[in-house]
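Line by line, the protein sequences are chains Z and E. Sequential numbering of the first sequence, starting at 33, is according to this note's numbering. Sequential numbering of the second sequence, starting at 33, is according to this note's numbering. Every residue, glycine too, gets a C-beta built ideally from N, C-alpha and C. Source: prediction; values computed, not measured. To start, the structure itself, in structure tokens.
There are 2 protein chains.
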Amino acid sequence: MHFASSLKFILMSKDKKRSNCPISCSLELWGDKWSLLIIRDLMFAKQCTYGDFLKSEEKISTNILAARLKTLEQQMVIEKLEHPTSKSKVLYQLTKKGIDILPILVEINLWGEKYYDDLPDRTIALLSDVKKDKKGFINKTMKKLDID
Amino acid sequence: MHFASSLKFILMSKDKKRSNCPISCSLELWGDKWSLLIIRDLMFAKQCTYGDFLKSEEKISTNILAARLKTLEQQMVIEKLEHPTSKSKVLYQLTKKGIDILPILVEINLWGEKYYDDLPDRTIALLSDVKKDKKGFINKTMKKLDID
DNA sequence: TTAAACTACTTGCAAAATGCAAGTGAATTT
DNA sequence: AAATTCACTTGCATTTTGCAAGTAGTTTAA
């Protein structure tokens, strides 16, 4: 079992890293059109059900969502929790590793502000906070997300 | 010609944005496994030829490289320059819009430092600078990249 | 001066990823 | 007890990727 499972790990995991560059490694994890949106939703909401993700404006399809949640969980960026009141619901939330992505999302928002129009209201509000005190905003938000 | 080209623009450009969220918009532009590596190379080198990109450790395939360069140029993240001494070479460099991605790359590097091992030497050197004075590093690097 | 080598790409094709619609089975509500 | 909700899965067509080989202009070496 030990041997079999580690063999399986070796054979099945596509962890033939292209390089040790952290940009490259990061892209292999969340370098697609959807992963960071899942992470964004969790930054805003702290906890989401599967259905919450499906409700997001960008309309991820359900099979892609399931696949992304699985790899993000495997890579320990998010974790599953049991729902306090319902057995049929599942809660997802960010781990420390996931929460630490916040500064990246903040910088993407700042870049987006410069080069895109018609930002959503919640982004405008967020950016207003960020520009008053970036470090403070990040600390505050990380504390809010912190695992209890 | 006016009508035809704008019609073509309307029909061919896949600019049906999923949403106005800057995260989502950014991902539609460089949310793949390769674009940010091209941008990274240009942040380090200021100017690269087509062949320079192909030489990078991650070994992008030539058709993907051509496709990414084209869309990054269309989106005005990079621009083409003629090579000072050779007619057969082409130089690529970042525009202001591209240079402004630097803070995002810096944060990805900082995140990567926490969660990956065996970082390349140049990343370690970069991070050492960044951690002494993040704003200073970004200003310095942006100035270095600035279009002459 | 001409052939070989180098440049920035393009093309063809197989394999993988994506996106849509329709299921499935367990838990919950009516 | 039936209908609805929940978190997924499955099947399949379309799109994107990745590999290998090719091409046309440019530069180099004989």
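Element boundaries [beta strand (DSSP E), containing residue i]
| i | result |
| --- | --- |
| Z/Tyr-124 | 122 to 126 |
| E/Leu-151 | That residue, E/Leu-151, is in no beta strand (DSSP E); it is neither H nor E in DSSP. |
| E/Lys-78 | First-last for E/Lys-78: undefined, no H or E at that position. |
| E/Glu-111 | 110 to 114 |
Whether residue i touches residue j by CB criterion (8 Å)
| i | j | result |
| --- | --- | --- |
| Z/Gly-130 | Z/Ile-71 | yes |
| E/Leu-151 | Z/Asn-52 | yes |
| Z/Ser-56 | E/Leu-69 | yes |
| E/Leu-177 | E/Leu-126 | yes |
| Z/Pro-116 | E/Tyr-148 | no |
| Z/Val-138 | Z/Val-109 | no |
| E/Leu-97 | E/Leu-113 | no |
| E/Lys-146 | Z/Asp-132 | yes |
| Z/Lys-102 | E/Leu-59 | no |
| Z/Leu-134 | Z/Thr-173 | yes |
Classification of residue i by the beta-carbon crowding that lies within 10 angstroms, buried from 16 upward
| i | result |
| --- | --- |
| E/Asn-95 | exposed |
| Z/Leu-39 | Below a pLDDT of 50, predicted positions are generally treated as unreliable, and Z/Leu-39, at 42, falls in that range; no measurement from the model is reported. |
| E/Gly-63 | buried |
| E/Ser-118 | exposed |
| Z/Arg-100 | buried |
| Z/Ser-120 | exposed |
| Z/Asn-141 | buried |
| Z/Leu-74 | buried |
| Z/Lys-49 | exposed |
| E/Phe-169 | buried |
| E/Phe-41 | Its pLDDT being 48, under 50, E/Phe-41 is placed unreliably in this model, and the coordinates cannot settle the point. |
| Z/Leu-43 | Because Z/Leu-43 sits at a pLDDT of 46, beneath the cut-off of 50, its placement in the model cannot be relied upon, and the point is left open. |
| Z/Ile-179 | exposed |
| Z/Ile-136 | buried |
| Z/Asn-171 | exposed |
| Z/Met-33 | Low per-residue confidence applies at Z/Met-33: pLDDT is 40, beneath 50, and the placement is therefore not dependable, though the value from the model is reported in the following sentence. Burial call: exposed. |
| E/Ala-36 | In this prediction, E/Ala-36 scores a pLDDT of 42, lower than 50, which makes its location untrustworthy; the coordinate-derived value is nonetheless stated afterwards. By the neighbour-count rule (16 or more Cβ atoms within 10 Å), E/Ala-36 is not buried but exposed. |
Residue range of the alpha helix (DSSP H) that includes residue i
| i | result |
| --- | --- |
| Z/Glu-60 | 54 to 62 |
| E/Glu-105 | 94 to 106 |
| Z/Thr-173 | 166 to 177 |
Proximal residues of chain E, C-beta to C-beta of residue i below 7 Å
| i | result |
| --- | --- |
| Z/Ser-58 | Ile-140, Trp-143 and Gly-144 |
| Z/Asp-150 | Asn-52 |
| Z/Tyr-147 | Lys-129 |
Contacts of residue i in chain Z (Cβ-Cβ under 8 Å)
| i | result |
| --- | --- |
| E/Glu-105 | Within chain Z, no residue comes near E/Glu-105; the closest Cβ sits about 15 Å away, beyond 8 Å. |
| E/Leu-137 | Ile-55 |
Within chain E, partners of residue i - CB distance below 9 Å
| i | result |
| --- | --- |
| Z/Thr-155 | Asn-52, Cys-53, Pro-54 and Ile-55 |
What are the residues of the stretch 103 to 134 of chain E that lie near chain Z, defined by any Cβ-Cβ distance shorter than 7 Å?
Lys-129, Asp-132 and Ile-133
Could you run through the stretch 64 to 76 of chain E and flag, in chain order, every residue whose CB is less than 7 Å away from some CB of chain Z?
Asp-64, Lys-65, Leu-68, Leu-69 and Arg-72
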